[in-house]
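Undergrad: Residue numbers (the numbering used here): 822 to 1391. Idealized CB from N, CA, C, for every residue including glycine.
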DNA sequence: GCCGTTTTCGGCCCGACTGTTTTCAGTCG
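1) Output the distance between the C-alpha atoms of residue 1234 and residue 1329, rounded to the nearest integer angstrom.
2) Going by C-alpha to C-alpha distance, which of 1215, 1125, 1273 and 833 sits closest to residue 1242?
3) Which whole-angstrom value describes the C-beta separation of residue 1158 and residue 1346, a residue pair presumed to lie in contact below a C-beta threshold of 8 Å?
4) With distances taken between CB atoms, is the gap from residue 1020 to residue 1005 smaller than 8 Å?
5) Determine the burial state of residue 1110: buried for a count of at least 16 other Cβ atoms within 10 Å of its Cβ, exposed for fewer.
6) Determine the direct distance from the alpha carbon of residue 876 to that of residue 1031, and round the result to whole angstroms.
7) Could you tell me the distance, in whole angstroms, from the CA atom of residue 913 to the CA atom of residue 962?
8) Could you spell out the range, first to last residue, of the alpha helix (DSSP H) harbouring residue 1052?
9) Can you tell which of 1268, 1349, 1317 and 1305 has the C-alpha that lies nearest to the C-alpha of residue 1323?
10) Helix, strand or coil for residue 1090? Go by DSSP, reduced to three states.
11) Take the Cβ of residue 865 as the centre, count every other Cβ of all protein chains shown within 10 Å, and call the residue buried at 16 or more, exposed below.
12) Within its chain, find whatever has a CB closer than 6 Å to the CB of residue 1203; leave out the 5 residues flanking it on each side and keep chain order.
13) Can you give me the Cβ contacts of residue 1071 inside the same chain, cut-off strictly under 6 Å, excluding the 5 residues immediately before and after it?
14) Near residue 937, which residues of its chain fall below 7 Å by C-beta distance, leaving aside the five closest residues on each side in sequence?
15) For residue 960, I'd like the list of residues in its chain whose CB is within less than 6 Å of its CB, leaving aside the five on either flank, ordered along the chain.
16) Measuring CB atoms only, is the stretch 1208-1218 touching the stretch 1247-1256, in the sense that at least three cross pairs come out at less than 8 Å?
17) From residue 1371 to residue 969, what distance separates their C-alpha atoms?
18) Taking the straight line between their C-alpha atoms, what separation do you get for residue 860 and residue 1332?
19) Are the stretch 1214-1227 and the stretch 1255-1264 in contact at 8 Å, needing three or more beta carbon pairs?
20) Where DSSP assigns a beta bridge to residue 944, which residues make up the other side?
21) What residue does the beta strand (DSSP E) around residue 1029 start on, and which one ends it?
22) For the structure I just gave you, are there three or more beta carbon pairs, one from the stretch 1142-1160 and one from the stretch 1367-1385, closer than 8 Å?
23) Label residue 1394 either buried or exposed according to how many other C-beta atoms from any shown protein chain fall within 10 Å of its C-beta, with 16 as the threshold for buried.
24) Which of the three DSSP states is assigned to residue 1023 in this structure?
25) Applying the criterion that 16 or more other CB atoms from any shown protein chain within 10 Å of the CB defines a buried residue, is residue 994 buried or exposed?
26) Across the stretch 1035-1049 and the stretch 1103-1121, are there enough close Cβ pairs to call them in contact, namely three or more that are closer than 8 Å?
27) Looking at C-beta atoms only, is the number of pairs between the stretch 1350-1369 and the stretch 1309-1317 that lie closer than 8 Å three or more?
28) Counting only the same chain and skipping the five closest in sequence on each side, list residues whose C-beta sits under 6 Å from that of residue 928.
29) What three-state label does DSSP hand residue 846 in the structure shown?
30) With the cut-off set at 8 Å, would you say residue 984 and residue 1055 are in Cβ contact?
31) Suppose only complete runs of 4+ residues qualify. What are the alpha helix (DSSP H) ranges in the stretch 1092-1136, listed by chain order?
32) Measuring only the C-alpha atoms, how far is residue 1151 from residue 1143?
33) What span of residues does the beta strand (DSSP E) with residue 1344 cover, start to end?
34) Name the one or two DSSP bridge partners that residue 1060 has.
35) Report the option in 1138, 1098, 957 and 922 whose CA atom is closest to the CA atom of residue 1122.
36) Where residue 1201 and residue 1009 are concerned, what is the direct C-alpha to C-alpha distance, given to the nearest angstrom?
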């Protein structure tokens, strides 16, 4: 059983216990364990076989037994019993904003409601307002919540949230009452998808900020408006929260609202041990409430004895322990990445010419661009024949004379189902670099798929493996492949694993990148741009690398041109 | 349910906003 499946079971248990009204700490314990398991780098079955389940933080006697039962039998009696008590469909009701476990239980007990459709009907008939603890407004809010949920469906891709967020920051910055303004929340941590956008402002005149915020032209609906917190829904369905604090609290609030929740819980516990108390207004002495710090984030971390922790690292994956010892990795900086290897041109399915790509690269201050068009089996993408590839190389060599930026001639060469490549070595040799990539037959068995990919990586002219798991966020599951073997093969063959920066790919993701590094593999960042507008996605690839604790040396794109050429081995 | 240089029992992050319950519970982040 996969880590994700076991995590899902624990999430389900947490939800059911919560509806049942169990001790909140018990619910939280399951949720935390689920989160741990989800982001575990190792296969949980392997940990189980080594008898080390209880060494996972948050897993104790009881949960270890449940994991064992799941692995051995594929089922869990405890969960089956819970489901008999509480219908599992009720969990879905809690997805509705404004509807939590308590109200869900009342709806079930008093009206027998278990599905969203039944709930919608009951709202229409005005049956909710009769219930204790409910009123007309609650009924209307739930109705609206159902509509909203069906409109927005889940989390946004990072580029959508990024653009929405920074546009609002620019808009609010025009207000003279804004002293400081920053994005916080999961967007500041650059998580792969974003649930809502948090923006933090320091000001002595909060009402002026909030009044301006709700007048932002792209606002569709104001959910709540106060002087400390205001929430709106944008026309694209994105929720944005703006919070305003006083300047002496800005750092503490930024730390607090950046999260992650897990990271902050750890931070607070650490503070408590030092006789301090942290909230969004500052760091205080626990006994006297005396203000110690809070103007900047650096200050907050310093007074509790920690190195400053970059937002992308704040996921409680061990960063706090390292910060205590002053041993945090020096993660790659955004400006360290000097180019982009994965750009499609008009030669295959891109919409920009190589010349435009080179110009855009120079505008962005890059040192190189890599043109990686498709190979012939990808007919839908106008993959290039071997003859065409040779022509393309010629064009690039000629263009190079006009440009300072280095233009690498490359390919994204298909890996055929048997693991052979779409181009002969004769052609691959002429290119400056070559990605190998899976674009077909996604449903092979784990073993076959793993062998297929490794065979391609073993080709001496293949430098990189493009989007290794082939997932598309919200659209296609990752292929079934033994990543540990792939990472090992990457190390042995010197193949760079791509961190594909396209927002619906982000593949490898942060967790995989971290695991790959630990296995000694190196990475390469590519945007998979099909137009020059996409080239700005580069930062999302760097973000994944940073979230994966990668350092400069782990990433091909950060090397000097001469070293890159040497690594590419032509 | 988990965890322990305060503890093997008794804690577990905590504040804002809303709506309804006239003093606070539920939800959210």
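TA: Inspection of the coordinates gives the following:
1) To locate residue 1234, count along the first chain from 1; it is residue 413. To locate residue 1329, count along the first chain from 1; it is residue 508. Taking the straight line from one Cα to the other gives about 18 Å.
2) The residue labelled residue 1242 in the question sits at position 421 within the first chain. Taking only the C-alpha atoms, the option nearest residue 1242 is 1273.
3) Here residue 1158 refers to the residue found at position 337 when the first chain is read from its first residue. Here residue 1346 refers to the residue found at position 525 when the first chain is read from its first residue. Contact holds; Cβ gap of about 6 Å.
4) In the first chain, counting from the first residue as 1, residue 1020 sits at position 199. In the first chain, counting from the first residue as 1, residue 1005 sits at position 184. Closer than 8 Å, so yes.
5) Reading the first chain from its first residue, position 289 is the one you call residue 1110. Exposed is the call here.
6) Taking the first residue of the first chain as position 1, residue 1031 is located at position 210. Taking the first residue of the first chain as position 1, residue 876 is located at position 55. Residue 1031 and residue 876: Cα-Cα distance of roughly 47 Å.
7) On the first chain, position 92 is the one that residue 913 refers to. On the first chain, position 141 is the one that residue 962 refers to. Computed Cα separation, rounded: 17 Å.
8) Taking the first residue of the first chain as 1, we reach residue 1052 at position 231. From DSSP, residue 1052 is part of no alpha helix (DSSP H) but of the beta strand (DSSP E) over 1050-1055.
9) Here residue 1323 is taken as the residue at index 502 of the first chain, counted from 1. Residue 1349 holds the alpha-carbon nearest to the alpha-carbon of residue 1323 among 1268, 1349, 1317 and 1305.
10) As a first step, residue 1090 must be located in the first chain, where it is residue number 269. Here DSSP, grouped into helix, strand and coil, assigns residue 1090 to helix.
11) Locating residue 865 in the first chain gives position 44, where the first residue counts as 1. Counting Cβ neighbours within 10 Å, residue 865 comes out buried, since at least 16 surround it.
12) One-based indexing of the first chain puts residue 1203 at position 382. Answer for residue 1203: 1169 and 1170, listed in chain order.
13) Here residue 1071 refers to the residue found at position 250 when the first chain is read from its first residue. Cβ within range, chain order: 1001 and 1023.
14) The residue given as residue 937 occupies position 116 in the first chain. Here the set comprises 913, 914 and 967.
15) Counted from its first residue, the first chain places residue 960 at position 139. Same-chain partners within the cutoff: 944, 949 and 950.
16) At 8 Å Cβ cutoff, the stretches touch.
17) Position 550 of the first chain, counting from 1, holds the residue named residue 1371. Position 148 of the first chain, counting from 1, holds the residue named residue 969. C-alpha separation (whole angstroms): 38 Å.
18) Along the first chain, one-based indexing puts residue 860 at 39. Along the first chain, one-based indexing puts residue 1332 at 511. Taking the straight line joining both Cα atoms gives about 7 Å.
19) Under the three-pair Cβ rule at 8 Å, the stretch 1214-1227 does not count as touching the stretch 1255-1264.
20) Within the first chain, numbered from 1, the residue matching residue 944 stands at position 123. According to DSSP, which records beta bridges pairwise, residue 944 is partnered with nothing at all.
21) Stepping through the first chain from its first residue, residue 1029 is reached at position 208. Counting along the chain, residue 1029 falls outside any beta strand (DSSP E), though it belongs to the alpha helix (DSSP H) covering 1027-1035.
22) With a cut-off of 8 Å, the stretch 1367-1385 and the stretch 1142-1160 count as touching, because enough Cβ pairs lie within range.
23) No answer is possible for residue 1394: the residues shown for the chain start at 822 and end at 1391.
24) Taking the first chain and counting its residues from 1, one reaches residue 1023 at position 202. Strand.
25) For the purposes of this step, residue 994 is taken as residue 173 along the first chain, with counting starting at 1. Its Cβ having fewer than 16 others within 10 Å, residue 994 is exposed.
26) Touching, no.
27) Between the stretch 1350-1369 and the stretch 1309-1317 there are fewer than three C-beta pairs closer than 8 Å, too few to call the two in contact.
28) In the first chain, residue 928 corresponds to position 107, counting from 1. Here the set comprises 934.
29) For the purposes of this step, residue 846 is identified with residue 25 of the first chain, where counting begins at 1. Helix, per DSSP.
30) On the first chain, residue 984 is found 163 positions in, with the first residue counted as 1. On the first chain, residue 1055 is found 234 positions in, with the first residue counted as 1. By the CB criterion at 8 Å, residue 984 and residue 1055 fall outside the cutoff.
31) Whole alpha helix (DSSP H) segments, 4+ residues: 1118-1124.
32) Translated into positions along the first chain, residue 1151 becomes position 330. Translated into positions along the first chain, residue 1143 becomes position 322. Straight-line measurement puts the Cα of residue 1143 at about 12 Å from the Cα of residue 1151.
33) Along the first chain, read from residue 1 onward, the residue named residue 1344 stands at position 523. For residue 1344, the enclosing beta strand (DSSP E) starts and ends at 1344-1347.
34) Here residue 1060 corresponds to residue number 239 of the first chain, with the count starting at 1. Paired residue(s): 1017 and 1054.
35) In the first chain, residue 1122 corresponds to position 301, counting from 1. Distance check between residue 1122 and each of 1138, 1098, 957 and 922 places 1098 closest, using alpha-carbon atoms only.
36) Working through the first chain from its first residue, we reach residue 1201 at position 380. Working through the first chain from its first residue, we reach residue 1009 at position 188. Answer to the nearest angstrom: the Cα atoms are 37 Å apart.
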